[in-house]
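Those letters in the sequence shown? Residues 1 to 274, by the UniProt record's numbering. C-beta atoms are modelled at their ideal positions from N, C-alpha and C, and glycine is treated no differently. Model, not experiment: these values are computed from the prediction. To start, the structure under review is shown below, and the notes come after it.
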Amino acid sequence: MGITDDTAAFVRRYVDVWNEPDADERRATVAALWAEDGIEHTDANTYHGHTEITARVTGAYEQFVRDGGFRFTLGDEPAWHDGAVTFTVQMVKATGGGPVWAATILTVLDADGRIRADHQFARAAPSNADTRATAEELLRRIGAGNPDEVAELFAEKVDWRLSWPAEGHPAVPWIRPRNTRADVADHFRELRDAHVPQHEFPDPTVLVDGAGAVVLTEIRQTPRATGVPYTALCALRLTIEDGLITAYHVYEDSLSVANALAASGVQDLQQESV
């Protein structure tokens with residue numbers, strides 16, 4: 001079920017309280033979020049009422065945020081129905097990078113919208129090796145030219161961004177907003193159909209930090225329509241969670257791509273491309 005504004009605000013306050021530096025504000029937020037007899041269950045302990053839950057939140061803040069240099073952030077999009085809300089909380093370095101810890105949170109609310117029971121299911125953050133393996137498999141599948149197999153590596157919902165103007169360009173109609181796994185398959189299908197069967201990533205550099213990966217490479221392709229081969233510098237920024245790509249950001253030499261695919265002069269392209 002879609003999230004409401006009130007529930008989205010509740011989730012934000014829940015995540016933010018673990019980063020709250022002010023003790024009085026932290027205590028007040030706990031009292032606003034949890035019922036007086038509310039309970040938090042973790043893998044190791046159970047915390048009853050405002051006093052114990054406040055001490056638990058304070059201990060996490062002091063250990064991980066104040067002294068450890070981390071921040072707690074929201075992971076996936078919340079979902080709710082029948083008085084229950086579930087979402088993911090992640091712990092990341094304050095200076096940036098992928099999550100080093102994550103947990104699925106299930107909260108059961110009372111009639112006043114406060115937490116009656118809070119269940120935390122901690123899970124291992126993705127290792128660098130797992131993230132690297134998925135990034136390298138993505139490159140292999142793109143090169144093999146099977147759009148459906150490429151799409152299998154993506155989550156059902158994807159944060160998809162390309163370094164092109166929002167209005168796109170007529171020479172590259174496949175470059176447009178996408179946000180689902182089905183959209184991903186369509187994108188790579190259109191990309192494949194517009195080129196001869198060749199998609200190379202020569203000697204890519206893959207940089208990994210937890211769930212994040214950056215791929216630095218070149219794209220070498222030949223459009224079917226023009227027969228003019230092109231090479232374009234490219235960087236991919238990926239977020240990989242539970243073995244699936246949840247964010248796909250592409251930064252490429254779009255002028256080279258557009259010039260190779262356009263049917264007429266390059267002057268307009270130079271003005272319109274990034």
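DSSP, reduced to helix, strand and coil, places T226 outside both helices and strands of the structure shown, so it counts as coil. Counting C-beta atoms within 10 angstroms of its own C-beta, D118 has 16 or more neighbours from the protein chains shown and is therefore classed as buried. Pairing G210 with T134 gives a Cβ-Cβ distance that is not under 8 Å.
Rounded to whole angstroms, the Cβ separation of P204 and L139 is 6 Å, and the two are in contact under 8 Å.
The stretch 77-92 and the stretch 5-19 touch, with three or more beta-carbon pairs separated by less than 8 Å. Apart from sequence neighbours up to five positions away, the residues of its chain that approach T73 with a beta-carbon distance below 7 Å are V15, Q90 and V92, ordered along the chain. Excluding its 5 nearest sequence neighbours in each direction, E149 has C-beta neighbours in its own chain below 6 Å: R141, listed in chain order. In the three-state reduction of the DSSP assignment, Q120 falls in the strand class, which pools E and B.
In the structure shown, the three-state DSSP call for P147 is helix. Taking C-beta atoms as the reference points, N146 and W160 fail to come closer than 8 Å. In the DSSP assignment, G212 forms a beta bridge with D209 and T239.
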